[in-house]
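Below is one structure, written out as structure tokens, with a few remarks after it.
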Amino acid sequence: MSDSQARKPLRKLFSWLFLAFIIIAFSQFLVNVLLVKFCDKALVGRFALANAITIPIFAFTSLDLDTLQITDAKNQYEFEDYFNLRLVTSGFALFLSIIIPIFVGYSWDILVVVSLLALLRTLEAISATLYGLIQKREEMKTLAFLGIAKSVISISLLGIILYLTGNLVLGLICLILFRIIYLFFYESSSSLATVNSYNSLVSNGLSPQSTQIDLSKLFDKKWYSQKLFTLTKLALPMGIVTLLVSFNANVPRYLIEKYIGEASLGVFASIASLMMIGDTVLNPLGASTIPRMSRYYAEGNFKTFWQILSKLIAIAIIMGVIIMTTCWLFGQPILETLYRKEYGQYTQLLTVLMLAGSIEDISSFIGQSITATRNFQIKMVVSATVVTISALLALWLIPSQGLNGAAIAVLIGSAIDLGLNGIAILYIAKKHHKNKLRST
Numbered sequence: 017m018s019d020s021q022a023r024k025p026l027r028k029l030f031s032w033l034f035l036a037f038i039i040i041a042f043s044q045f046l047v048n049v050l051l052v053k054f055c056d057k058a059l060v061g062r063f064a065l066a067n068a069i070t071i072p073i074f075a076f077t078s079l080d081l082d083t084l085q086i087t088d089a090k091n092q093y094e095f096e097d098y099f100n101l102r103l104v105t106s107g108f109a110l111f112l113s114i115i116i117p118i119f120v121g122y123s124w125d126i127l128v129v130v131s132l133l134a135l136l137r138t139l140e141a142i143s144a145t146l147y148g149l150i151q152k153r154e155e156m157k158t159l160a161f162l163g164i165a166k167s168v169i170s171i172s173l174l175g176i177i178l179y180l181t182g183n184l185v186l187g188l189i190c191l192i193l194f195r196i197i198y199l200f201f202y203e204s205s206s207s208l209a210t211v212n213s214y215n216s217l218v219s220n221g222l223s224p225q226s227t228q229i230d231l232s233k234l235f236d237k238k239w240y241s242q243k244l245f246t247l248t249k250l251a252l253p254m255g256i257v258t259l260l261v262s263f264n265a266n267v268p269r270y271l272i273e274k275y276i277g278e279a280s281l282g283v284f285a286s287i288a289s290l291m292m293i294g295d296t297v298l299n300p301l302g303a304s305t306i307p308r309m310s311r312y313y314a315e316g317n318f319k320t321f322w323q324i325l326s327k328l329i330a331i332a333i334i335m336g337v338i339i340m341t342t343c344w345l346f347g348q349p350i351l352e353t354l355y356r357k358e359y360g361q362y363t364q365l366l367t368v369l370m371l372a373g374s375i376e377d378i379s380s381f382i383g384q385s386i387t388a389t390r391n392f393q394i395k396m397v398v399s400a401t402v403v404t405i406s407a408l409l410a411l412w413l414i415p416s417q418g419l420n421g422a423a424i425a426v427l428i429g430s431a432i433d434l435g436l437n438g439i440a441i442l443y444i445a446k447k448h449h450k451n452k453l454r455s456t
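For the sequence shown, counting from 1, position 280 maps to 296 in my numbering; every step adds exactly one.
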């Protein structure tokens with residue numbers, strides 16, 4: 017059987033990821049709802065600040081290895097290379113997350129929350145490498161079940177603790193203990209089972225790509241090996257891109273905390289979390305198509321590559337129209353129902369942020385297509401330009417216009433990101449066409 021025959025339909029891949037992303041995103045959104053319901057605004061703001069500190073650090077040190085792993089259509093590197101490098105970078109991220117707040121001079125309360133979140137993100141980083149292995153094999157059913165089970169148990173555990181005690185620190189400690197057990201006793205075994213199943217298909221001629229996992233190479237102390245060095249060099253531009261994207265999302269939060277305070281940051285972070293609605297529907301599409309798009313590009317099948325991207329953009333536009341219509345008609349009751357009565361006054365903030373999110377969803381699909389082509393340097397230039405402009409806008413608008421100024425800065429930054437990503441993918445397409453003409 018040919019490889020094309022063995023490949024699962026994209027619709028089936030999407031359906032499993034769509035189910036998982038809905039539940040995972042809803043669970044992540046519930047974290048903000050639970051904090052608002054059972055904690056004061058200052059604690060919500062403290063949690064948002066801790067996220068704003070740890071997310072960029074882990075974004076950079078991750079080097080976006082899971083995406084690199086998924087798009088490695090030619091299997092230039094083994095799973096053990098990605099896993100061992102992720103162990104090193106995650107440990108470094110944990111160290112930075114604890115040291116930086118100490119030197120900045122944050123209070124003990126913030127330092128404790130930051131440290132616990134950093135440990136939680138370290139476990140997530142290790143899981144991401146295992147998930148990347150499963151996603152590359154297009155075993156989306158396994159991937160979905162792993163993500164759903166972890167999210168449901170995590171949010172249930174956190175919800176019970178916050179309801180009974182209102183103690184965020186205790187809730188984070190319990191989450192860490194659960195994630196350790198889940199990682200070592202469920203995620204790792206499921207990943208190995210997926211590889212064994214995949215390799216049995218290879219032995220029957222169903223796929224050309226086989227990867228045996230050598231357990232003796234895991235936790236290998238030879239971090240200095242040439243292969244890990246070259247992988248780091250390849251991944252560094254993507255690490256910078258991920259850092260810039262994360263930093264771009266968190267700059268408004270830093271400035272809100274500085275100029276307006278933790279309580280206002282809590283309001284902004286809670287409302288901004290609704291931007292995940294579009295991501296919940298659209299991210300499964302990107303996740304299910306990027307391995308396929310990377311193979312099409314590697315095979316020189318740019319026509320099919322472009323057809324998939326066009327469909328993704330059309331879906332994102334339709335989704336954006338639906339979201340914006342809902343915000344204009346029902347923004348106030350949505351905020352009052354999800355959070356508290358006083359949140360109803362922030363309908364303008366909600367509308368601007370959701371418009372920014374809708375634009376960013378379109379840009380995200382184009383950005384994923386650039387990643388599938390492995391033109392990482394172009395993405396780095398685009399991200400650096402966007403974060404610089406967005407930071408300057410936020411620095412100008414937030415002190416004078418408060419939360420609405422932050423939302424406007426996010427909106428303009430999203431529009432610029434869309435424009436630059438569009439130019440970048442057109443440049444790549446033109447370059448690909450020229451190379452094809454030369455080869456013929």
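Glycine residues also receive a C-beta, built at the ideal position from the N, C-alpha and C atoms.
Problem set entry | Closest residue to residue 523 among 393, 95 and 399 (Cα-Cα distance) | This structure cannot speak to residue 523, because the chain is shown only from 17 to 456.
Exercise. With a CB to CB cut of under 7 angstroms and the five nearest residues on each side skipped, what residues in its chain are close to residue 203?
Worked result: Closer than 7 angstroms at Cβ, skipping near neighbours: 143, 146 and 162.
For this session: Run the CB neighbour count on residue 201, radius 10 Å, all protein chains shown included, and call it buried at 16 or more, exposed below.
Result: For residue 201, the number of other beta carbons within 10 angstroms of its own is below 16, and it is reported as exposed.
Exercise. So, helix, strand or coil for residue 276, using DSSP?
Worked result: Reduced to three states, the DSSP call for residue 276 is coil.
Problem set entry | Whether residue 257 touches residue 106 by CB criterion (7 angstroms) | It is not a contact, given that the beta carbons lie outside the stated cut-off.
Problem set entry | Residue nearest to residue 265 in terms of C-alpha spacing, selected from 362, 427 and 185 | The closest CA to that of residue 265, considering only 362, 427 and 185, is found on 427.
For this session: Give the straight-line distance between the Cα atoms of residue 109 and residue 372, rounded to the nearest whole angstrom.
Result: Taking the straight line joining both Cα atoms gives about 29 angstroms.
Exercise. Alpha carbon to alpha carbon, what distance is there between residue 135 and residue 103?
Worked result: Rounded to whole angstroms, residue 103 to residue 135 spans 13 angstroms at the Cα level.
For this session: Please work out which residues of its chain come closer than 8 angstroms, Cβ to Cβ, to residue 422, disregarding the five sequence neighbours upstream and downstream, and give them in chain order.
Result: For residue 422, where only same-chain residues beyond five positions count, the Cβ hits under 8 angstroms are 268, 271, 272, 284, 410, 413 and 414.
Problem set entry | Nearest-angstrom Cα separation, counted from residue 290 out to residue 8 | As shown, the chain starts at 17 and ends at 456. That puts residue 8 outside it, with no answer to give.
Exercise. Do you know offhand how far residue 370's Cα is from residue 341's?
Worked result: Going by the C-alpha atoms only, they are around 10 angstroms apart.
For this session: Could you tell me how far apart the beta carbons of residue 388 and residue 313 are, in whole angstroms, since I believe they sit closer than 8 angstroms?
Result: 6 angstroms between Cβ atoms; contact.
Exercise. Residue 66: buried (16+ other C-beta within 10 angstroms of its C-beta) or exposed?
Worked result: Buried is the call here.
Exercise. How about residue 75 and residue 199: are their beta carbons less than 7 angstroms apart?
Worked result: For residue 75 and residue 199, no; Cβs fall outside 7 angstroms.
Exercise. Does the distance from the C-beta atom of residue 56 to that of residue 247 stay below 7 angstroms?
Worked result: Contact annotation: residue 56 and residue 247 have beta-carbon atoms that are not nearer than 7 angstroms.
Problem set entry | Residue from 334, 306 and 333 whose Cα sits closest to the Cα of residue 324 | Comparing Cα positions, the closest option is 306.
For this session: Entirely within the segment 54-102 and at least 4 residues each: give me those alpha helix (DSSP H) ranges in chain order.
Result: Runs of the alpha helix (DSSP H) inside the segment 54-102: 57-77 and 81-86.
Exercise. DSSP three-state call for residue 270: helix, strand or coil?
Worked result: Three-state result, residue 270: helix.
Problem set entry | CA-to-CA distance, residue 299 to residue 432, given in whole angstroms | Rounded to the nearest whole angstrom, the C-alpha separation of residue 432 and residue 299 is 21 angstroms.
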